[in-house]
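Remarks on the structure that follows.
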Amino acid sequence: MGVTGGIAAYKAAALLRLLQKVGANVRVILTEGAEAFISPLTFEALSQEKVFTQADFLKPQGGFIPHTELARFAEAVVVAPATASFLASLTSGDAQSILVATIMATKAPVLLCPAMNVNMWEHPAVKENIAKLRSWSYEVLAPCGGELACGDVGPGRLPEPELIADFLARLLAPADYQGKKVLITAGPTREPIDAVRFISNRSSGKMGLALAKAFWLRGAEVMLVHGPLSVKIPSYLSQRPVETAQEMYQVVNELFPGVDILVMAAAVADYTPVKTFSGKLKKKEKELVFTLKKTPDILAEVSAKKRPGQVVVGFAAEEGEKLPEEARRKLKAKHLDLIVANDITRCETGFETETNEVFLFFANGKELKLPLAPKEKIAWQILDALKEQLGEILSAKA
Ligand code: CTP
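First residue of the sequence shown? That's 8 in the working numbering, and the numbers climb one at a time after it.
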């Protein structure tokens, strides 16, 4: 991890913490500029490792040549924040600083996270350097908009550590879904009763979101169609928010012809009120009766229009012993390539949980259990299984 001399340098400490939390073994390089903002001791205390500075570059100790050793050590490099002058030195190949020298000496993928004043970011010199660095396969994560430390408003802020960590993870992930377009639905739908009330369910959208992220990490182009979610959707996922089953039906129908894979992880309401009352329904003396009508079965309808090379994945929320039988029935009835079933009677799996245990039923007869794990891990394993069982269909079109 390289830190250069910008006010966002203090955020690099949070990034270091996050990378360590997800299991990364991090070595930090501070440029002279960074040392003016934050002390090497901060990073040394957090990483419990020696932090490398310009002094180590100029006077290597005990035969340890920092830029070549660190270049060999790293499986990935992130520079956060990356200043305009650092970008200029890297573009011109000026290896006088320890960080530029290390980056030039490494074969590892590099993620650059520029952060600076908005006018500097928009200056032609920076634009040209960024274009050149991108053409050399450096990954550049553009800064976020908002109010900057200098008081100006516009793009220039260092993105949040979580976003940087996701982009870094993508550099390390297999790009086995590169070139694939994936449509994922997630979360519940809301069927309005009146202006303020609705029928919905307890889906959090976490499983769908974990799948969307896994596909993105592995190189796919992802579109997330989602009902109302309480979880934050990362900015790198393209999204189409919807409310009702009917709206989801329309959007999925519109997008399905252009995708390679559809994953229906949404908990779509099966019924919707026949009539939506205008305004707020007043309390009645006795019981209130209203009629529900069936919503379209999005998955069944779309799957019937599947063309060769397209893969359709459904989900099934089932109860206890009936799970395999019901999953196999839905797999066939809805013409799916794969159905992912989970048991909603268990408290650690399914709705509103961080973890899941799922059973995969493929159209080719293969059946697989993915034991209890965080939803991110389950998503990753679903992608592995999908590639293993349906790789031929997926590569047929490519
Ligand atoms: N699904 C859908 N449209 C609906 C209802 C469900 O596309 N109107 C999709 C879900 O997104 C899921 C799959 O169908 O991928 C199975 O959903 P599930 O609720 O388990 O099955 P249903 O067919 O609705 O049957 P039941 O609720 O009776 O078990």
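Positions of the beta carbon are idealized from the N, C-alpha and C atoms, including for glycine. Since this is a predicted model, take the numbers as computed values, not measurements.
Residue i burial status per 10 Å Cβ neighbour count (16 or more: buried)
i, result
"residue 72", "exposed"
"residue 203", "exposed"
"residue 54", "buried"
"residue 357", "buried"
"residue 277", "exposed"
"residue 405", "At residue 405, the pLDDT of 44 sits below 50, so the modelled position is not reliable; the number obtained from the coordinates is stated separately. Classification of residue 405: exposed, given that the 10 Å Cβ count is below 16."
"residue 80", "exposed"
"residue 18", "buried"
"residue 198", "buried"
"residue 234", "buried"
"residue 114", "exposed"
"residue 314", "exposed"
"residue 238", "exposed"
"residue 290", "exposed"
"residue 376", "exposed"
"residue 340", "exposed"
"residue 131", "exposed"
Same chain, Cβ closer than 8 Å to residue i, neighbours up to 5 away in sequence not counted
i, result
"residue 105", "36, 38, 59, 60, 61, 63, 64, 73 and 74"
"residue 175", "26, 83, 85 and 118"
"residue 103", "96"
"residue 318", "267, 268, 269, 344, 345, 393, 397, 400 and 401"
"residue 325", "333, 334, 348, 349, 350 and 351"
"residue 281", "297, 298, 299 and 300"
"residue 172", "22, 25, 26 and 29"
"residue 50", "10, 19, 20, 23, 35, 37 and 58"
"residue 8", "19, 22, 23, 26, 33, 34, 35, 36, 84, 85, 86 and 87"
"residue 285", "201 and 202"
"residue 378", "364"
"residue 45", "10, 16, 17, 19, 20 and 37"
Endpoints, the alpha helix (DSSP H) within which residue i is located
i, result
"residue 113", "Careful: residue 113 lies outside any alpha helix (DSSP H) and carries neither H nor E."
"residue 168", "168 to 179"
"residue 295", "No alpha helix (DSSP H) holds residue 295; DSSP gives it neither H nor E."
"residue 24", "18 to 28"
"residue 340", "330 to 340"
"residue 142", "131 to 142"
"residue 213", "213 to 224"
"residue 207", "Premise fails: residue 207 is in no alpha helix (DSSP H) and is neither H nor E."
Residue from the options with nearest C-alpha to residue i
i, options, result
"residue 360", "210, 297 and 324", "210"
"residue 320", "364, 303, 390 and 379", "390"
"residue 145", "267, 51, 116 and 205", "116"
"residue 158", "125, 148, 180 and 93", "125"
"residue 213", "132, 242 and 383", "383"
"residue 154", "294, 387 and 123", "123"
"residue 250", "44, 275, 50 and 244", "275"
"residue 353", "377, 327, 16 and 338", "327"
"residue 78", "340, 161 and 34", "34"
"residue 136", "166, 91 and 109", "91"
"residue 216", "256, 273, 100 and 143", "273"
"residue 163", "152, 169 and 170", "152"
"residue 161", "186, 129 and 190", "129"
"residue 42", "166, 14 and 127", "14"
"residue 331", "365, 304 and 70", "365"
"residue 264", "52, 308 and 240", "308"
Extent of the continuous beta strand (DSSP E) to which residue i belongs
i, result
"residue 376", "374 to 381"
"residue 101", "It is not in any beta strand (DSSP E) - residue 101 carries neither H nor E in the DSSP assignment."
"residue 371", "Segment: none, residue 371 is in no beta strand (DSSP E) and carries neither H nor E."
"residue 299", "299 to 301"
"residue 233", "228 to 233"
"residue 349", "345 to 350"
"residue 279", "278 to 280"
"residue 322", "318 to 325"
"residue 192", "188 to 193"
"residue 244", "Element bounds for residue 244: n/a, residue is neither H nor E."
"residue 268", "268 to 271"
"residue 84", "84 to 89"
Inter-residue CB distance, residue i and residue j (contact presumed, cutoff 8 Å)
i, j, result
"residue 48", "residue 97", "Not confirmed; about 26 Å, so no contact."
"residue 196", "residue 207", "7 Å"
"residue 312", "residue 323", "Not really, about 21 Å apart at Cβ, beyond 8 Å."
"residue 227", "residue 184", "4 Å"
"residue 302", "residue 253", "7 Å"
"residue 387", "residue 182", "No, residue 387 and residue 182 are not in contact; Cβ-Cβ is about 14 Å, not under 8 Å."
"residue 170", "residue 242", "7 Å"
Other residues of its chain near residue i: CB distance less than 6 Å, five sequence neighbours each side excluded
i, result
"residue 121", "89 and 150"
"residue 93", "11"
"residue 107", "96 and 97"
"residue 374", "368"
Cβ shell of residue i (< 7 Å), same chain only, five flanking positions each side left out
i, result
"residue 247", "230, 232 and 258"
"residue 224", "176, 177 and 180"
"residue 381", "361 and 362"
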